[in-house]
Amino acid sequence: MTLLSGWRRGSHSADGFEYPTYTEGEGPGVIVMHESPGLTPEVVRFGREVVDAGFTVVMPHFFGPAHRAPYALEAVHVVPRLCIGREFTTVATGRTTPVAAWLRSLARRVHGEAGGVGVGAVGMCFTGGFALAMMLEPVVVAPVLAQPAVPVPLTSRRAADVGLDPGDLVAVRDRVRAGCPVLGVRYRDDWATGTRFDTLTDHLGGGFLRVELERSGHATLTGERHPEAVDAVIGFLTERLQPH
1 MTLLSGWRRG SHSADGFEYP TYTEGEGPGV IVMHESPGLT PEVVRFGREV VDAGFTVVMP
61 HFFGPAHRAP YALEAVHVVP RLCIGREFTT VATGRTTPVA AWLRSLARRV HGEAGGVGVG
121 AVGMCFTGGF ALAMMLEPVV VAPVLAQPAV PVPLTSRRAA DVGLDPGDLV AVRDRVRAGC
181 PVLGVRYRDD WATGTRFDTL TDHLGGGFLR VELERSGHAT LTGERHPEAV DAVIGFLTER
241 LQPH
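Counted from 1, the sequence shown has number 165 at position 165 by our numbering; the numbering is strictly sequential.
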């Protein structure tokens with residue numbers, strides 16, 4: 001038995017990329033994107049919490065180990081691969097991650113299979129901002145950014161950057177103005193998130209819903225899981241995807 005026992009392994013190909021996927025549950029679809037260093041037990045446990053709340057969860061496996069804690073050396077080696085991989089953006093500003101088109105294609109597939117009013121998208125840390133880029137696909141109606149940490153906040157410009165091309169940021173703003181809110185969760189003093197929550201408030205106004213936790217930490221939904229963050233995310237997904 002492993003943490004992924006019961007999850008259906010598949011794959012999805014689009015836009016020149018192919019990644020394994022793990023699916024479980026019934027109900028509206030939610031795409032849960034793992035953080036660095038991989039699809040760890042903590043990420044899988046969070047995915048199970050979303051399943052138990054009444055959703056079909058699809059977890060792509062982008063990099064690193066799956067369902068087990070990484071070895072220390074293995075975790076160290078993940079970061080350089082992310083920096084040079086053509087599908088990800090780690091340092092450049094004003095750029096949408098190249099894997100966004102693949103994620104939007106996956107969202108369309110998940111919506112077609114699970115049905116409902118739309119799809120949720122939860123990104124964490126390295127993938128935290130990916131949910132924003134997915135909003136260019138109309139079926140994505142419940143985007144969640146958990147401690148978005150890319151681009152790495154080495155300068156004030158990078159700290160404020162939300163990982164979108166200027167045109168994509170305008171498209172996201174238009175969707176928010178049309179009634180699609182964005183949820184962001186983080187620990188208030190987490191340096192890795194930079195000032196991008198303020199950037200999002202400047203661009204999205206009240207359509208950017210901020211949950212900022214007082215306790216120190218980083219991984220709000222996994223390694224340093226905070227019940228308030230988990231409850232906020234599941235509550236948001238329920239409100240957006242399971243309307244009564």
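The beta-carbon is built from N, C-alpha and C at its ideal position, and this holds for glycine as well.
Which stretch, first to last residue, makes up the alpha helix (DSSP H) that contains residue i?
i, result
"G10", "Per DSSP, G10 belongs to no alpha helix (DSSP H); it is in the beta strand (DSSP E), 8-14."
"F167", "Strictly speaking, residue 167 in this sequence is Gly, with Phe absent from that position. It spans 166-177 - the alpha helix (DSSP H) in which G167 sits, taken as one unbroken run."
"R186", "No alpha helix (DSSP H) contains R186, which is instead part of the beta strand (DSSP E) from 182-187."
"P41", "41-52"
"G235", "227-241"
CB residue i to CB residue j, shorter than 7 Å?
i, j, result
"M59", "Y22", "yes"
"G184", "R158", "no"
"V44", "E24", "no"
"G29", "V110", "yes"
"P143", "M135", "yes"
"L145", "G128", "yes"
"G217", "E228", "no"
"R240", "V141", "yes"
"H203", "R175", "no"
Exposed or buried, residue i, counting other C-beta atoms within 10 Å across all chains shown (16 or more means buried)?
i, result
"S11", "exposed"
"A178", "exposed"
"W7", "buried"
"T2", "exposed"
"W102", "buried"
"V170", "exposed"
"F55", "buried"
"D161", "buried"
"G38", "buried"
"T155", "exposed"
"D231", "exposed"
"D168", "buried"
"V57", "buried"
"V99", "buried"
"V117", "exposed"
If you measure from the beta carbon of residue i to each beta carbon in chain D, is any gap under 7 Å?
i, result
"A131", "Absent from the structure is chain D; it holds one protein chain and no more."
Could you round the C-beta distance between residue i and residue j to whole angstroms and report it? I think they count as a contact, below 8 Å.
i, j, result
"T222", "E42", "4 Å"
"T96", "A133", "5 Å"
"V182", "G207", "6 Å"
"V119", "V150", "Actually they do not touch by this definition, with Cβ atoms about 22 Å apart."
Determine the extent of the beta strand (DSSP E) in which residue i is found, giving its start and end residues.
i, result
"F17", "17-24"
"G118", "Taken as a continuous stretch (DSSP letters only), G118 belongs to no beta strand (DSSP E), as it is neither H nor E."
"A146", "140-146"
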